[in-house]
Amino acid sequence: MSDPASGRLVLVGVGGALVLGALVSFVRERLRFSRWTATTGVVVGHRVRQTRRDGRLRTQYHPLVRFVVAGRELVFESSLSTSEKRYEEGSAVTMLYDPNDPESACIDDVREKYTLAMFLGAMGTIFTAVGGYLSR
Numbered sequence: 015m016s017d018p019a020s021g022r023l024v025l026v027g028v029g030g031a032l033v034l035g036a037l038v039s040f041v042r043e044r045l046r047f048s049r050w051t052a053t054t055g056v057v058v059g060h061r062v063r064q065t066r067r068d069g070r071l072r073t074q075y076h077p078l079v080r081f082v083v084a085g086r087e088l089v090f091e092s093s094l095s096t097s098e099k100r101y102e103e104g105s106a107v108t109m110l111y112d113p114n115d116p117e118s119a120c121i122d123d124v125r126e127k128y129t130l131a132m133f134l135g136a137m138g139t140i141f142t143a144v145g146g147y148l149s150r
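Our numbering puts the first residue of the sequence shown at 15, with every later residue one more than the last.
This is how it looks when you write it as structure tokens:
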């Protein structure tokens with residue numbers, strides 16, 4: 015039989031590793047985006063994706079944003095989807111794009127830029143908190 019203390023230690027260790035991964039992800043993304051150029055884009059619609067899970071139809075919306083770089087019109091589709099439309103059609107949003115590859119772009123929004131860091135940080139916090147709580 016395994017020692018309960020070692021299980022708690024594993025939880026805290028995994029949690030710490032996830033938090034560290036979140037920090038590394040955040041710093042890398044922040045550095046990457048600091049090299050990108052900002053411009054204004056216009057929401058031109060949403061890509062609608064529907065899936066069926068547990069017998070229920072789920073609808074997800076991905077914003078489509080048109081922006082112009084050096085006279086070239088691009089349409090960006092966010093990989094981040096939500097169950098409600100986050101942006102009204104016709105609304106202006108700040109876009110960030112890689113000046114060396116304008117098709118590499120994102121909406122200048124914390125959720126768009128730091129999704130992985132936020133997920134890892136949340137999971138790491140949960141693991142660490144549960145491991146710490148069980149150690150009491």
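Here a beta-carbon is modelled for each residue, glycine too, at the ideal position from N, C-alpha and C.
Treat the numbers as computed from the prediction; the structure is a model and nothing was measured.
Asked                                                                                                                                      : Found
Which two residues bound the contiguous beta strand (DSSP E) that contains L117?                                                           : The residue you asked about is not Leu; residue 117 is Glu in the sequence shown. D115 to I121 is the span of the beta strand (DSSP E), which, as asked, contains E117.
Near S39, which residues of its chain fall below 8 Å by C-beta distance, leaving aside the five closest residues on each side in sequence? : Y128, L130, A131 and L134
Considering only the beta carbon of each residue, do V57 and V79 sit closer than 8 Å?                                                      : yes
Give me the residue from T54, Q64 and R125 with the minimum Cα distance to E87.                                                            : T54
Considering E103, what are the terminal residues of the alpha helix (DSSP H) in which it resides?                                          : Per DSSP, E103 belongs to no alpha helix (DSSP H) and is neither H nor E.
Is G69 helix, strand or coil by DSSP?                                                                                                      : coil
In or out: S142 buried (at least 16 other Cβ within 10 Å) or exposed?                                                                      : First, the amino acid is wrong: residue 142 is Thr here, not Ser. Its Cβ being crowded by 16 or more others within 10 Å, T142 is buried.
Is the Cβ-Cβ distance between V107 and L25 less than 8 Å?                                                                                  : no
Quick test of your reading: Q64 and R72, contact by CB under 8 Å. State the CB separation rounded to the nearest angstrom.                 : 7 Å
May I ask which residues mark the beginning and end of the beta strand (DSSP E) holding R86?                                               : R86 to E91
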